Every structure is written in structure tokens, then in C-alpha cells.
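Peer 1: Residue 621 is where the sequence shown starts when you use this note's numbering, and the numbers rise one by one after that.
Just so you know, even glycine gets a beta-carbon here, dropped at the ideal spot from N, CA and C.
Nothing here was measured: the structure is a model prediction, and the numbers come from that model.
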Amino acid sequence: MGNSLYQISGVFGLFFTQLTGQQWAEVRYYLLPISCQLDKYERIMVKSRIKECDSALDALRRRQEGKTFDRDRPELYTLLDLNDLAGVRILAFPMRRLSEINQILLHQFSSWQDDPVKENGTDETLAWKYFGLCPASDKVKGELQIVPMLTGLFWEIEHAAMYKPTPELKGIVREEEMKNRRGEVYKAIKAFEEEFEKCVQQTQNMIIL
Numbered sequence: 621m622g623n624s625l626y627q628i629s630g631v632f633g634l635f636f637t638q639l640t641g642q643q644w645a646e647v648r649y650y651l652l653p654i655s656c657q658l659d660k661y662e663r664i665m666v667k668s669r670i671k672e673c674d675s676a677l678d679a680l681r682r683r684q685e686g687k688t689f690d691r692d693r694p695e696l697y698t699l700l701d702l703n704d705l706a707g708v709r710i711l712a713f714p715m716r717r718l719s720e721i722n723q724i725l726l727h728q729f730s731s732w733q734d735d736p737v738k739e740n741g742t743d744e745t746l747a748w749k750y751f752g753l754c755p756a757s758d759k760v761k762g763e764l765q766i767v768p769m770l771t772g773l774f775w776e777i778e779h780a781a782m783y784k785p786t787p788e789l790k791g792i793v794r795e796e797e798m799k800n801r802r803g804e805v806y807k808a809i810k811a812f813e814e815e816f817e818k819c820v821q822q823t824q825n826m827i828i829l
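#1: For the alpha helix (DSSP H) holding Y806, just list the boundary residues, first then last.
#2: Given this structure, state the Cα-to-Cα distance separating I721 from M798, to the nearest angstrom.
#3: Express the C-alpha separation of A756 and L770 in angstroms, rounding to a whole number.
#4: What three-state label does DSSP hand Y661 in the structure shown?
#5: As a quick exercise: from M665, D659, Y661 and K660, pick the residue whose alpha carbon is nearest that of V647.
#6: Assign P653 to one of three DSSP states: helix, strand, or coil.
#7: Determine the closest residue to V820 out of D659, L773 and T742, with distance taken between C-alpha atoms.
#8: Grouping DSSP H, G and I as helix and E and B as strand, with all else coil, what is L639?
#9: The alpha helix (DSSP H) with E776 in it runs from where to where?
#10: Taking the beta strand (DSSP E) that L702 falls in, what are its first and last residues?
#11: Leaving out the 5 sequence neighbours to the left and right, which residues in its chain are closer than 8 Å to Q641 when beta-carbon positions are compared?
#12: Quick one: is I766 buried, meaning 16 or more other Cβ sit within 10 Å of its Cβ, or exposed?
#13: Going by C-alpha to C-alpha distance, which of R802, L726, L718 and I777 sits closest to E739?
#14: Identify whether E763 lies in helix, strand or coil by the three-state DSSP scheme.
#15: Taking Cβ positions, are L639 and A706 nearer each other than 8 Å?
#16: In this structure, does DSSP put W732 in helix, strand or coil?
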């Protein structure tokens, strides 16, 4: 079977679900040394998703001149050009666990390319992101995201509210006032995490004394 857009879309769901499931299982396995030593208040959550067909088509369309497909040349378009067909997101709380997770996965996925998520207009890294060929495939690219849990949950709510049920709201995300409010959310999350870890450290020092 060829890999043109129209040929591959018919088996999209089953094939990529299997690949994503394997990648999810591998990530959970690699993180066992951390997961087994978490304190009661700490959390690590590993989530997987396959890129929905409509979303994949939109991503391919955005790459084309004029953002349209040439229907007479379907061989030019392939889902395999996309970097995030099979996605795994690792959510961690508190933030201090992120660097440990990142080190482990960097070792296991050393050939994958770094593509960090930055806050708009700044050099502030919101999440680590990597993409590369899935371990079980020599053609399909997967994506790993390592995200502070509170940030990741905020993204889920934002995405569900503005992209899925109400696509007409997509433009709102790019408005300056909304960007400012989103920036305030990120600052509040970071401040909460920093204060929380400070309180945990103080409590632990008191117990030692």
C-alpha cells in the first residue's frame, strides 16, 4: 500500500492507535524508577493520543501554498510528513520531577529532535517536546511532551473549549488580550508550584530537626 494521503486515511485509526499504545507503554516502563519512588503528594501521568484525521488534514493543508490541496496530485501529500501522528504527553507534579523525567527519556529517545514549547513572544519554556521515528516503525513519526501537570491540564481545558466543539473560537486564541490572560495563567501556575515546593522543603526541614 502506498502512503499517499487518500490511501493511508482509511487505516489511520487502527494503525496509529497500535503504534501510540506501544509508545505509551514504553514511556511508562522507562519511568518506573521515578514512579515507584513518588511521595504521596507527587503525581506522574502518561497520556497518549493519535492525531485525529481532520486535524492531520488541516496540518497538511497549512503547509501548502494558499493552504489548499491540488486534487490532481494526491501523491504529493502524505501523513508521514507530520511529526506528531503518535503522541505521548507526560504530566508531572511538582515541577522538580520534570528534569528527572527529561533525562531518562532523552537517553531512551536520543535520536529524536528537540522542539520545546515556548510561551508566545518569550524564551520561557513551557514544556519539553521531542519528535522522531516511533520505535516500532521506520516511517511514522511520534512526539513526546514533558509538561508541568497544571499547565497540561490547563491546555486540555483550553483545547476542549476553543478547538473541538467551537472551532469558530480559534481566532480568539490569537487575540492580544487573550494572549495576555494566558500569560497570566502561566505565571500563576509557576508561582503556585514554586511556593508549594518551598513549603514542602520547609516542612521536610522541620521533620529532620
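Peer 2: On the basis of the supplied data:
#1: E796 to I828
#2: 31 Å
#3: 31 Å
#4: coil
#5: M665
#6: helix
#7: D659
#8: helix
#9: M769 to M782
#10: L702 -> no beta strand (DSSP E), and no H or E assigned at all.
#11: Correcting the residue identity first, residue 641 is Gly in this sequence and not Gln. Closer than 8 Å at Cβ, skipping near neighbours: S668.
#12: buried
#13: R802
#14: strand
#15: yes
#16: coil
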